[in-house]
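Have a look at the structure below before the remarks.
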Amino acid sequence: MADASAFPADIRHDWSVAEAEALFVQPFNDLVFRAQSVHRAHFPANQVQLSTLLSIKTGGCPEDCAYCPQAARYDTGVDAQKLMAVEAVVAEARRAKEAGASRYCMGAAWREPKDRDLEAICDMVQGVKALGLETCMTLGMLTGAQAQRLKEAGLDYYNHNIDTSPEHYGQIITTRTYQDRLDTLAHVRDAGMKVCCGGIVGMGESVRDRAGMLVTLANLPEHPESVPINMLVQVHGTPLDGTRKLDPLDFVRTIAVARIMMPKSMVRLSAGREEMSDELQALCFLAGANSIFAGPKLLTTPNPGRDHDSLLFQRLGIKPMPLETHAHG
Ligand code: SAM
Ligand code: DTB
Ligand code: SF4
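Per the numbering used here, the very first residue in the sequence shown carries number 56; after that it's consecutive.
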């Protein structure tokens, strides 16, 4: 790691959208060089953290998120299922740990959890944590009291994405507001949990929207410890299926700007890797991504298999990040 004091003023919460946009439009090499320099000042250069995802409650969601295969209102072929049994979740987590994961993320296709589901959810957190894994849940909106209960059960991270810029948001979701999302993030922070919050690109947004999304994240009272950057996975039946594909180099730019604006956060190259070449993923790591979802499935859509990822890591000289290195973020 380079000397972090070489970048004394780089943790900022006062970004303007114009400033972020100016980062986006720099020459590619200048942007990636700067992002890689910031990355090396704060993290081991050749380590990438592995998270594993499990859908603990799939499909049948009442919300209208235009990208999502799990919204009941779109005909996407995803069947609605009930909440999984606690023992089945813990058994899956044990397999993920054996395969090298350090964080286990459990997702539910809910607008928000019902209080009566929280007991089983808390048992899942306890069971997964007892395996020595970090725990993360993404269950939709939370009240302050629900966040407190999850924290008491030992939940380390809560994932709740802002998805896009405040201006573009209304084109993507109408069943809850941007402010609802910010309120949930505040409840998670107030309860003392770590925040995993990012968004999606490739939804027809402008560069200014991408800048606006990252400014919203960086100007939160504290930077999210994890920032997932998802490339839209286009799913047949969702309103965003058929959206014009993003220039892959613009995806790399988004990773680089996230790294520069949130130097100490884990920036996750999240959904969309299945459609990316190894070379594009290598550029994302060069631009400062240092986390991925490992395992053949995201929530409902495919992800590269573990053998493919191990080979890619071998070719790039990247090692899975040990838990001690990222426990702070
Ligand atoms: N229902 C909860 C919620 O929305 O907060 C939790 C699960 S939801 C599937 C978690 C996140 O996955 C969404 O906020 C979105 O950022 C991401 N996501 C869902 N569908 C996606 C897709 N097709 N492509 C990329 N990211 C997606
Ligand atoms: C996040 O930002 N990406 C993950 C996780 N958080 C929950 C989800 C991606 C879902 C992609 C579509 C699917 O597999 O259903
Ligand atoms: Fe439901 Fe979450 Fe999908 Fe939105 S993103 S439709 S809230 S599962």
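Virtual Cβ for every residue (Gly too), placed ideally from N, Cα, C. Owing to the predicted nature of the structure, the values given are computational and were not obtained by experimental measurement.
- For residue 112, the closest C-alpha among the options 120, 323, 196, 125 is that of 125.
- Comparing C-alpha distances from residue 336 to each of 232, 305, 127 shows the shortest one belongs to 305.
- For the ligand DTB, a non-hydrogen atom lies closer than 7 Å to the CB of residue 124.
- When only Cα atoms are considered, residue 167 and residue 318 end up about 31 Å apart.
- Its chain contains 257, 258, 259, 287, 289 as the residues whose beta carbon lies nearer than 8 Å to that of residue 298, once the 5 sequence neighbours on both sides are disregarded; these appear in chain order.
- With a cut-off of 7 Å, the C-beta of residue 180 is classified as distant from the ligand DTB, since no heavy atom of the ligand falls inside that distance.
- The alpha-carbon of residue 190 is positioned some 9 Å away from that of residue 181.
- If you draw a straight line from the Cα of residue 149 to the Cα of residue 108, it comes to about 13 Å.
- Closest in C-alpha terms to residue 162, from the list 284, 85, 192, 133, comes 192.
- A distance criterion of 7 Å places the beta-carbon of residue 259 beyond contact range of the ligand SF4, judged by its closest non-hydrogen atom.
- Only residues of its own chain outside the window of five on either side were considered, and among them 333, 336 have a CB closer than 7 Å to the CB of residue 367, listed in chain order.
- Look at residue 196 here: in three-state DSSP terms it is coil, with no helix or strand label.
- The DSSP-derived three-state label of residue 284 is strand.
- Nearest to residue 69 by alpha-carbon distance, out of 316, 339, 370, 208, is 316.
- Assignment of beta-bridge partners to residue 347 by DSSP yields 105, 324.
- Within the same chain, Cβ atoms closer than 7 Å to the Cβ of residue 130 are found at 292, the five residues on either side in sequence being excluded.
- The three-state secondary structure of residue 112, taken from DSSP, is strand.
- In the three-state reduction of the DSSP assignment, residue 375 falls in the strand class.
- Under the Cβ criterion (8 Å, minimum of three pairs), the region 336-349 does not count as touching the region 112-121.
- DSSP places residue 249 in the uninterrupted beta strand (DSSP E) bounded by 249-251.
- Burial of residue 280 is indicated by the presence of at least 16 other C-beta atoms within 10 angstroms of its C-beta.
- Collapsing the DSSP output to three states places residue 311 in a helix.
- For residue 256, the enclosing beta strand (DSSP E) stretches over residues 254-256.
- Note that the C-beta distance between residue 138 and residue 178 is not below 8 Å.
- Take the alpha-carbon of residue 346 and the one of residue 230: they are about 30 Å apart.
- Where residue 273 is concerned, the enclosing alpha helix (DSSP H) starts and stops at 262-273.
- Distance from the CA atom of residue 200 to the CA atom of residue 136, rounded to whole angstroms, is 27 Å.
- Cβ-Cβ distances below 7 Å link residue 295 to 121, 122, 258, 287, 289 in the same chain, with the five nearest sequence neighbours on each side left out; the list follows chain order.
- The continuous beta strand (DSSP E) containing residue 161 extends over residues 158-163.
- Contact annotation: residue 253 and residue 283 have beta-carbon atoms nearer than 8 Å.
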